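In UniProt numbering, the protein residues as written are 1 to 311. Where a beta carbon is used, it is the ideal one built from N, C-alpha and C, also for glycine. All of these numbers come straight from a predicted model, not from anything done at the bench.
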């Protein structure tokens, strides 16, 4: 089978207050609300998707906002950092913006020859804005306050913290087609050559680190990208042959998915590009209406009354 994992498809995390989440990501970070739907397994809760103007895989950050959920704890067996690519010269803009909006951040630093700025969202989810070595030519979503000169371009990388990285690294290299690019102390950078962007996974090995707790402000899972269902099911066969439990194909309306937990404890998803986010509303109207899967359409009247307002 060809190496056809095309980097990161989307990342899903857990939030608390839905309106606070919406305000932070659309106003402060300047992302587009690409899809407003519900958690298919808990339809009384939103599933909010943020990304670029077209809802392009590799830019999609999604949230389950559960009001009142307890805070999670970063630690081993988790995705602990999400990296966004930003333009050269933009970090000063973001420093001022975070100051003006009372966002918790650290001073810029450097790793693997790239400058980055760490910050936390309102629920404590940890991010890095990274100026990549090679210019990112993706077209960003712009707002009146966050223009193309500073806007995020989509994902740069994720960081997984582990007590021992060997088994996770083997999944990345032998199953998903990544290769070790470089290492600094206990951080190992893996990359896929299949795509130019959203292509990096960092593994950080901390033998004594306590396992994290996935709750508010935590990454729930990371999804890797494949072009279509044929390739998706080839990966299912490959992963099942390793003896790992992997789900049947699941229809998520905007992509088809498989889920499995890699040996290091992180929930991985493999997701298709098809059919995309314009399947139920045109690109120019993405995120403007409440979109429900067919099995929950009968709940629309109730959900429109009970789901919290985002504006």
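Review point. Near residue 243, what residues of its chain come up, given a Cβ to Cβ distance below 6 angstroms and the 5 sequence neighbours on each side ignored?
Key: Non-local beta-carbon contacts of residue 243 in its own chain, meaning distances under 6 angstroms to residues more than five positions away in sequence, are absent.
Check your understanding: Can you name the start and end residues of the beta strand (DSSP E) that residue 179 belongs to?
Key -> Where residue 179 is concerned, the enclosing beta strand (DSSP E) stretches over 179-184.
Exercise for review: Pick out whichever of 110, 117, 232 and 109 has its Cα sitting closest to the Cα of residue 103.
Suggested key: Closest option to residue 103, Cα to Cα, is 117.
Practice item. For residue 36, write down the residues that DSSP places opposite it in a beta bridge. Key: 48 and 290.
Exercise for review: Express the C-alpha separation of residue 121 and residue 24 in angstroms, rounding to a whole number.
Suggested key: When rounded, the distance between both Cα atoms is 8 angstroms.
Review point. Distance, Cα to Cα, residue 63 vs residue 183?
Key: It is roughly 31 angstroms from the alpha-carbon of residue 63 to the alpha-carbon of residue 183.
**Study point:** Residues near residue 223 in its chain [Cβ-Cβ closer than 6 angstroms; skip 5 each side]
**Key:** The beta carbon of residue 223 is closer than 6 angstroms to those of 9, 10, 269 and 271 in its chain, skipping five residues each way along the sequence.
Practice item. Starting from residue 59, trace the alpha helix (DSSP H) both ways and give me its first and last residue. Key: Judged by DSSP secondary structure, residue 59 falls outside any alpha helix (DSSP H); it is assigned neither H nor E.
Check your understanding: By the 10 Å Cβ neighbour count, where 16 or more other Cβ atoms means buried, how is residue 7 classified, buried or exposed?
Key -> With 16 or more other Cβ atoms within 10 Å, it is buried.
Review point. According to DSSP, which residues form a beta bridge with residue 128?
Key: Residue pairing by DSSP places residue 128 opposite 83 and 118 in a beta bridge.
Check your understanding: Between residue 117 and the ligand FAD, is the CB less than 6 angstroms from at least one heavy atom?
Key -> Of the ligands one can find in the structure shown there are none, so the ligand FAD has no counterpart to examine.
Exercise for review: With DSSP as the reference, label residue 112 as helix, strand or coil.
Suggested key: Three-state DSSP puts residue 112 in coil, outside helix and strand.
Point to revise | Cβ contact check for the stretch 150-163 and the stretch 72-87: 3 or more pairs under 8 angstroms | key: The count of Cβ pairs closer than 8 angstroms, one atom from the stretch 150-163 and one from the stretch 72-87, reaches three, so the stretches are in contact.
Review point. On the three-pair Cβ rule with 8 angstroms, is the stretch 272-289 touching the stretch 245-258?
Key: Using a C-beta cut-off of 8 angstroms, the stretch 272-289 makes contact with the stretch 245-258, since at least three inter-stretch Cβ pairs fall below that distance.
**Study point:** Proximity of residue 34 and residue 47 at Cβ, strictly below 7 angstroms
**Key:** Residue 34 is not a Cβ neighbour of residue 47, given a cutoff of 7 angstroms.
Review point. Is it buried or exposed for residue 309, if we count other Cβ within 10 angstroms and need 16 for buried?
Key: Exposed, because fewer than 16 other Cβ atoms sit within 10 Å of the Cβ of residue 309.
Point to revise | When 217, 247, 295 and 17 are compared against residue 325, the one with the closest alpha-carbon | key: Any property of residue 325 remains undetermined from this structure, which presents the chain solely from 1 to 311.
Review point. Tell me which same chain residues have a C-beta within less than 7 angstroms of the C-beta of residue 201, skipping the five on either side of it?
Key: 157, 158, 160, 172, 178 and 190.
Check your understanding: Between the Cα of residue 94 and the Cα atoms of 59, 152, 247 and 67, which residue gives the shortest distance?
Key -> Scanning 59, 152, 247 and 67 for the CA closest to the CA of residue 94 turns up 152.
Review point. Start and end of the alpha helix (DSSP H) containing residue 235?
Key: Counting along the chain, the alpha helix (DSSP H) containing residue 235 begins and ends at 229-241.
Check your understanding: Taking residue 228 as the reference, which of 237, 276, 43 and 305 has the closest Cα?
Key -> It is 276 whose Cα lies nearest to the Cα of residue 228.
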